[in-house]
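Novice: With positions in the sequence shown counted from 1, the corresponding number in this note's numbering is that position plus 3. C-beta atoms are modelled at their ideal positions from N, C-alpha and C, and glycine is treated no differently. Quantities reported herein were computed from a predicted structural model and do not represent experimental measurements. Submitted below is the structure of interest, expressed as structure tokens.
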Amino acid sequence: MTTAPAGEAPAGATAETPAVPLPRPRPAEKPVSPAAAVPAGEVYGPPKPETHAAEPTKPVVPRIYQTACPAVLLGRVEATALPPIADGQCHAQSPLSVTGVLANGRMVPVSGGVQTDCGVASALPAWVESVDSYLLSREQTRIAELVVGTSYMCRNVNGGSSGNLSFHGFADALDVVGFKLEDGRFVTVEGGWANATSPEGRLLRFAHDSACAQFTTVLGPEANAEHHDHLHVDLGCHGKTCTARLCE
Ligand SMILES: [Zn+2]
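If you want it as structure tokens, here you go:
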């Protein structure tokens, strides 16, 4: 048996082709995890999340938690949802832009750019319907439009420089200026309240008193000088158990 000298090709091999081919260089192998060793088509656990390191990550938009208003869902109030209000101590998480309320089978327009919460919006249809029914029976006309002055506004009670925050600062109050009627009249608190026995004076007093059945606070011209030209309505809590009403 002949043995080729070290460094020389064995017998039968040429100088260009070594008799024992050398393996090609291979990339370093990663350690095989048990999951990767599972045969294709078989699953032994939750799939591994795919990672796309090269893709830019999308910014996470935090969810804004707001609540729906059943009176809007049921079609009793015509309104669109507004973003939350956060203005110092004033705030409203789910304010609405109210443009109409259902009364006696039709949508009565509400003007004035009303921003209010679901509670006040939900109390409006029954009140407006009662005033509308009064007009129909006593004046043979109906409400063409409910005219509102101030709704949401971050201010103190009666606009004072000090004192408690008004419920207007929580979108939980409305200042009703008056009623436009289908017969063409525009009955305002400022112009119609003083003459208590006139049709306008009677209408406004009926509106004031019937509001006390739907809201917990109703303030009109008899309450104080600040309310000489509007009816303020809100759903503020009165009494230890929130069951009292303030109707002035
Ligand atoms: Zn007010």
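Could you tell me the distance, in whole angstroms, from the CA atom of residue 41 to the CA atom of residue 58?
Specialist: Along the sequence shown, read from residue 1 onward, the residue named residue 41 stands at position 38. Along the sequence shown, read from residue 1 onward, the residue named residue 58 stands at position 55. Low local confidence applies: a pLDDT of 46 at residue 41 is under 50, so the model's placement there is unreliable, and no value is given.
Novice: Out of 243, 225, 185, state which residue places its alpha-carbon closest to the alpha-carbon of residue 193.
Specialist: In the sequence shown, counting from the first residue as 1, residue 193 sits at position 190. The option with the nearest alpha carbon to residue 193 is 225.
Novice: At a cut-off of 7 Å, would you count residue 176 as near ligand 1, judging by its Cβ distance to the nearest heavy atom?
Specialist: Your numbering for residue 176 matches position 173 in the sequence shown. Yes - ligand 1 has a heavy atom lying nearer than 7 Å to the Cβ of residue 176.
Novice: Below 7 Å, is the gap between the Cβ of residue 231 and the nearest heavy atom of ligand 1?
Specialist: As a working note, residue 231 is residue 228 in the sequence shown. Residue 231: no, Cβ never under 7 Å from ligand 1.
Novice: Should residue 235 be counted as a contact of ligand 1 given a C-beta to heavy atom distance under 7 Å?
Specialist: Numbered from its first residue, the sequence shown carries residue 235 at position 232. Answer for residue 235: yes, Cβ within range of ligand 1.
Novice: Tell me which residues share the same chain as residue 127 and place their Cβ nearer than 6 Å to its Cβ, disregarding the 5 neighbours each side in the sequence.
Specialist: Translated into the one-based positions of the sequence shown, residue 127 becomes position 124. Excluding positions up to five away in sequence, the list reads 104.
Novice: Residue 132 lies in the alpha helix (DSSP H); which residues open and close that run?
Specialist: To locate residue 132, count along the sequence shown from 1; it is residue 129. Taken as a continuous stretch (DSSP letters only), the alpha helix (DSSP H) holding residue 132 covers 121-141.
Novice: Which residue or residues does DSSP assign as beta-bridge partners of residue 67?
Specialist: Residue numbering aside, residue 67 sits at position 64 when the sequence shown is read from its first letter. Answer is none; residue 67 lacks a bridge partner.
Novice: Can you tell me whether residue 209 is helix, strand or coil according to DSSP?
Specialist: Start at 1 with the first residue of the sequence shown, and residue 209 comes out as number 206. Here residue 209 sits in helix by DSSP.
Novice: Using DSSP with H/G/I as helix, E/B as strand and the rest coil, what is residue 193?
Specialist: Against the sequence shown, residue 193 aligns to sequence position 190. DSSP places residue 193 in helix when its eight states are reduced to three.
Novice: Please list, in chain order, all residues of the same chain as residue 36 whose beta carbon is under 6 Å from its beta carbon, the five residues on each side excluded.
Specialist: By one-based count along the sequence shown, residue 36 stands at place 33. Confidence is the limiting factor: at residue 36 the pLDDT is only 49, short of 50, which leaves the residue's position unreliable, though a coordinate-based value still follows. Excluding positions up to five away in sequence, the list is empty.
Novice: Just to confirm my understanding: we take residue 218, look at its own chain, exclude 5 residues before and 5 after, and list those with CB closer than 7 Å. What are they?
Specialist: As a first step, residue 218 must be located in the sequence shown, where it is residue number 215. Same-chain partners within the cutoff: 126, 236, 237, 238.
Novice: Considering only heavy atoms of ligand 1, does any lie closer than 7 Å to the CB of residue 153?
Specialist: For the purposes of this step, residue 153 is taken as residue 150 along the sequence shown, with counting starting at 1. Yes.
Novice: Distance check for residue 165 and residue 182, CA to CA, integer angstroms please.
Specialist: Against the sequence shown, residue 182 aligns to sequence position 179. Against the sequence shown, residue 165 aligns to sequence position 162. Those two C-alpha atoms are separated by around 32 Å.
Novice: Determine contact between the region 87-98 and the region 130-139, defined as no fewer than three beta-carbon pairs at a distance below 8 Å.
Specialist: Not touching, per the Cβ criterion.
Novice: Run the proximity test for residue 211: is its beta-carbon closer than 7 Å to any non-hydrogen atom belonging to ligand 1?
Specialist: Here residue 211 refers to the residue found at position 208 of the sequence shown. Residue 211: no, Cβ never under 7 Å from ligand 1.
Novice: Leaving out five residues before and five after residue 250 in sequence, what residues of the same chain have Cβ atoms less than 6 Å from its Cβ?
Specialist: Taking the first residue of the sequence shown as position 1, residue 250 is located at position 247. For residue 250, where only same-chain residues beyond five positions count, the Cβ hits under 6 Å are 215, 221.
Novice: Taking 7 Å as the cut-off, does the CB of residue 241 come closer than this to any heavy atom belonging to ligand 1?
Specialist: Here the question's residue 241 lines up with position 238 in the sequence shown. Every heavy atom of ligand 1 is 7 Å or more from the Cβ of residue 241, so no.
Novice: Between 243, 65, 232, which has its C-alpha nearest residue 152's C-alpha?
Specialist: Residue numbering aside, residue 152 sits at position 149 when the sequence shown is read from its first letter. The shortest Cα separation from residue 152 among 243, 65, 232 belongs to 232.
Novice: What I want to know is whether the C-beta of residue 171 ends up closer than 7 Å to one or more non-hydrogen atoms of ligand 3.
Specialist: This structure simply doesn't include ligand 3; it includes ligand 1 instead.
Novice: Counting C-beta neighbours from all protein chains within 10 Å, is the total for residue 155 16 or more, i.e. buried, or is it exposed?
Specialist: Position 152 of the sequence shown, counting from 1, holds the residue named residue 155. By the 10 Å Cβ count, residue 155 comes out buried.
Novice: Excluding five sequence neighbours on each side, which residues of the same chain lie with their C-beta closer than 8 Å to the C-beta of residue 79?
Specialist: Sequence index remark: in the sequence shown, residue 79 carries index 76 (1-based). Excluding sequence neighbours, residue 79 sits near 104, 105, 125, 128.
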